[in-house]
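Visitor: Mapping of the sequence shown onto the UniProt record's numbering: position 154 corresponds to residue 154, and the numbering continues sequentially without gaps. Please find one structure pasted underneath; my questions will follow.
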Amino acid sequence: MLDEDMTPDLTPEQLRAALAASQRQVADMAAAQEEFLRVVSHDLRAPLRHITSYGKLVREVLGDLPADVQQSPPLQEAQEFVGTMEQSARRMAQMLDGLLALSRVGRAPLHPQPVALAAAVAKARAALPTAEAAQWSVAADLPTLQADPALLHELLVQVLGNALKFSQHQPAPSIAVRTVPAERGTGWVAWEVQDNGAGFNPERAAGLFGIFQRLHRETEFDGVGAGLAVCRTIAERHGAHITAMAAVGQGCTVRMEWPAAAA
């Protein structure tokens with residue numbers, strides 16, 4: 001018997017109606033978020049274009065001044081100010097691109113199918129212009145996943161691209177892709193991407209997959225910290241799990257545990 005302050009049990013018809021209403025609300029919220037990001041991205045790009053365009057004009061005006069004036073400390077400082085302004089505008093444009101990418105992978109249609117990881121890694125490597133700068137070790141026993149091919153490709157491009165970027169200052173950059181035991185047991189596969197790059201302080205790893213989270217200074221490595229947030233969203237949409245381990249100066253290992261391809 002229910003207490004007086006408890007809501008009576010709902011009928012199956014009421015439960016279905018409540019579920020349908022909840023699903024509509026979630027869909028409406030997602031659509032509103034996507035529209036907000038689209039409008040923000042479009043509306044903010046116009047003033048960004050003005051900043052970069054007028055920054056170029058300011059440089060031209062300063063360049064037309066007499067040589068002795070251009071060499072004066074105030075003019076040189078003004079050139080530095082313009083450079084900082086242009087760099088900030090470019091960074092903001094990259095952040096907008098990151099937000100749109102995050103929204104896109106979160107709402108893109110999901111078409112899971114068996115995907116051979118070895119072939120997907122080879123395709124992602126071919127999409128990276130600096131891939132030949134590193135020594136690669138790709139295991140022959142990489143598993144077959146249940147994944148959306150397009151979203152998996154985007155994840156691999158981000159993960160392998162990060163491995164290249166953060167190992168670029170090493171005398172001999174190296175990247176390994178290998179199979180590891182799956183902790184979740186039957187129905188799961190796991191693999192790792194390991195580099196010998198800069199690594200990071202493990203105490204700061206908690207925010208690694210958050211949007212715009214950076215563990216290195218912009219002067220050391222480019223990027224705005226959106227790529228791993230995109231990877232986490234793609235993994236979560238597949239029911240997969242992505243983590244990263246590292247130490248300063250000792251490289252980074254990104255581990256993924258993923259649903260195996262259906263038999």
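C-beta atoms are modelled at their ideal positions from N, C-alpha and C, and glycine is treated no differently.
Hey, aspartate 148 and leucine 102: beta-carbon distance below 7 angstroms or not?
Guide: Not a contact, by the Cβ cut-off of 7 angstroms.
Visitor: By a C-beta neighbour count over all protein chains shown, 10 Å radius and 16 as the cutoff for buried, is threonine 233 buried or exposed?
Guide: Threonine 233 is buried by the Cβ-count criterion.
Visitor: Of the residues Leu151, Glu77, Leu128 and Met95, which one's Cα is nearest the Cα of isoleucine 211?
Guide: Looking at the Cα atoms, Met95 is the closest of the given residues.
Visitor: What span of residues does the alpha helix (DSSP H) with glutamate 77 cover, start to end?
Guide: 73 to 107 is the extent of the alpha helix (DSSP H) around glutamate 77.
Visitor: Excluding the 5 residues preceding and the 5 following tryptophan 136 in the sequence, name in chain order all residues of the same chain whose CB lies nearer than 6 angstroms to its CB.
Guide: Ile175, listed in sequence order.
Visitor: Beta-carbon separation of glycine 207 and alanine 246 under 7 angstroms?
Guide: No, the Cβ-Cβ distance between glycine 207 and alanine 246 is not below 7 angstroms.
Visitor: What is the residue span of the beta strand (DSSP E) that glutamate 192 lies within?
Guide: Element bounds for glutamate 192: 188 to 195.
Visitor: Can the beta-carbon of valine 121 be found less than 7 angstroms from the beta-carbon of valine 177?
Guide: Closer than 7 angstroms, so yes.
Visitor: Does DSSP put glutamine 170 in a helix, a strand or coil?
Guide: If DSSP states are grouped into helix, strand and coil, glutamine 170 belongs with coil.
Visitor: According to the Cβ coordinates, are alanine 261 and threonine 144 closer than 7 angstroms?
Guide: Closer than 7 angstroms, so yes.
Visitor: If glycine 251 and asparagine 196 are in contact, beta carbons under 8 angstroms, what's the gap, nearest whole angstrom?
Guide: So it is a contact: roughly 4 angstroms between Cβ atoms.
Visitor: What are the complete beta strand (DSSP E) segments, minimum 3 residues, inside the region 229 to 256?
Guide: Listed in chain order, they are 241 to 246.
Visitor: With DSSP run on the structure shown, which of helix, strand or coil describes isoleucine 51?
Guide: Isoleucine 51 falls in the helix class under three-state DSSP.
Visitor: Between the region 179 to 193 and the region 55 to 70, can you find at least three pairs of beta-carbon atoms closer than 8 angstroms?
Guide: No, because fewer than three Cβ pairs between the region 55 to 70 and the region 179 to 193 fall closer than 8 angstroms, the two stretches do not touch.
Visitor: Going by other Cβ atoms of all chains shown within 10 Å of its Cβ, with 16 needed for buried, is residue 269 buried or exposed?
Guide: Nothing can be reported for residue 269, as the shown portion of the chain is limited to 1 through 263.
Visitor: In chain order, what residues of the same chain lie with their CB nearer than 8 angstroms to the CB of glutamate 4, ignoring the 5 residues before and after it?
Guide: Legend: pLDDT at glutamate 4 = 48, less than 50; position of this residue unreliable, value from coordinates given subsequently. Cβ neighbours of glutamate 4 beyond the five flanking positions: none.
Visitor: Given this structure, state the Cα-to-Cα distance separating methionine 85 from threonine 52, to the nearest angstrom.
Guide: The straight-line gap from Cα to Cα measures roughly 8 angstroms.
Visitor: Hey, out of Ala133, Val82 and Trp258, whose CA is closest to arginine 237's CA?
Guide: Out of Ala133, Val82 and Trp258, Trp258 has the C-alpha closest to the C-alpha of arginine 237.
Visitor: Whose C-beta lies closer than 8 angstroms to the C-beta of methionine 6 among residues of the same chain, with five residues either side of it excluded?
Guide: Because the pLDDT at methionine 6 is just 49, under 50, the model does not fix this residue reliably, and the point stays unresolved.
Visitor: State the DSSP-derived secondary structure class of alanine 127, mapped to helix, strand or coil.
Guide: In this structure, alanine 127 counts as coil in the three-state DSSP scheme.
Visitor: Hey, out of Thr186, Asp97 and Val159, whose CA is closest to alanine 124's CA?
Guide: Closest option to alanine 124, Cα to Cα, is Val159.
Visitor: Following the continuous alpha helix (DSSP H) through alanine 67, name the residue where it begins and the one where it ends.
Guide: Here the alpha helix (DSSP H) through alanine 67 covers 67 to 70.
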